[in-house]
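Peer 1:
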Amino acid sequence: MNYHRYYSVDVVNGPGTRCSLFVAGCVHQCRGCYNKSTWSLNSGIPFTQEVEDQIIADLQDVNIKRQGLSLSGGDPLHPQNVPTILKLVKRVKTECANKDIWLWTGYKRDQLTPQQNQVLDYIDVLVDGKFVQDLADPNLIWRGSSNQVIHYLHRKS
Ligand code: SF4
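As structure tokens, this is what we get:
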């Protein structure tokens, strides 16, 4: 998996103070996409073990307390990103107590593959659906267009 940006302290992508990761790769090609540079799986830079370790360390940091991790892009649920994302979210839930995980995807929840659905077992909130320019509303919180849905999930761990 490649990624574009990692913010170790972020207060605009999800509730509270968070770590945010923007991955590479998206098939949805939404008109009006604000992040076209992330569409190619080969864009950005490699997501290394060191970056994963840094995210865990930042979430465990007691000096700047983070509420959790935000995963966006690009699309974290692009099939080629799922194995790496699954490894990351499992680690966060195992090693970072009481941190929530929010994930934004262009897929609809009811259309996810079994492989993509595995990720949902380890996240707290899924914001799903493509960005639809005709339904865009700057007053919406945590989503760009009104067709997108914020799903508060029950997680297993
Ligand atoms: S899902 Fe997000 S990143 Fe992908 S094309 Fe749509 S707005 Fe852009």
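In this note's numbering, the protein residues as written are 1498 to 1654.
The beta-carbon is built from N, C-alpha and C at its ideal position, and this holds for glycine as well.
Because the structure is a prediction, the values reported are computed rather than measured.
1. Let me know the secondary structure DSSP gives Arg-1640 once reduced to three states.
2. Would you report the Cα separation of Ser-1540 and Asn-1578, rounded to the nearest angstrom?
3. Kindly indicate the opening and closing residues of the beta strand (DSSP E) around Ile-1552.
4. Using 10 angstroms around the beta-carbon of Pro-1635, count the other beta-carbons present and answer buried if the total reaches 16, otherwise exposed.
5. To which residues does DSSP link Leu-1568 through a beta bridge?
6. Give the straight-line distance between the Cα atoms of Gly-1449 and Asn-1560, rounded to the nearest whole angstrom.
7. Would you mind stating whether Ala-1521 and Tyr-1503 have Cβ atoms separated by less than 8 Å?
8. Using only the heavy atoms of the ligand SF4, determine whether one of them is closer than 7 Å to the beta carbon of Thr-1535.
9. Relative to the C-alpha of Val-1506, which residue among Ile-1553, Gln-1526 and Pro-1543 is closest?
10. With DSSP as the reference, label Met-1498 as helix, strand or coil.
11. If we ignore side chains and look at the alpha-carbon of each, how far apart do Thr-1545 and Glu-1592 end up?
12. Would the beta-carbon of Lys-1590 fall within 8 Å of that of Thr-1514?
Peer 2: This is what the structure holds:
1. Correct three-state label for Arg-1640: coil.
2. Using only the alpha carbons, I get a separation of about 13 Å.
3. Judged by DSSP secondary structure, Ile-1552 falls outside any beta strand (DSSP E) and instead within the alpha helix (DSSP H) spanning 1546-1557.
4. Label assigned to Pro-1635: exposed.
5. Paired residues: Leu-1518 and Leu-1600.
6. For the chain, the structure presents residues 1498 to 1654; residue 1449 sits outside this window and is missing.
7. Taking 8 Å as the Cβ cut-off, Ala-1521 and Tyr-1503 do not qualify as a contacting pair.
8. True, at least one ligand heavy atom lies under 7 Å from that Cβ.
9. With distances taken between Cα atoms, Val-1506 lies closest to Ile-1553.
10. Met-1498: coil per DSSP, three-state reduction.
11. Those two C-alpha atoms are separated by around 18 Å.
12. Not a contact, by the Cβ cut-off of 8 Å.
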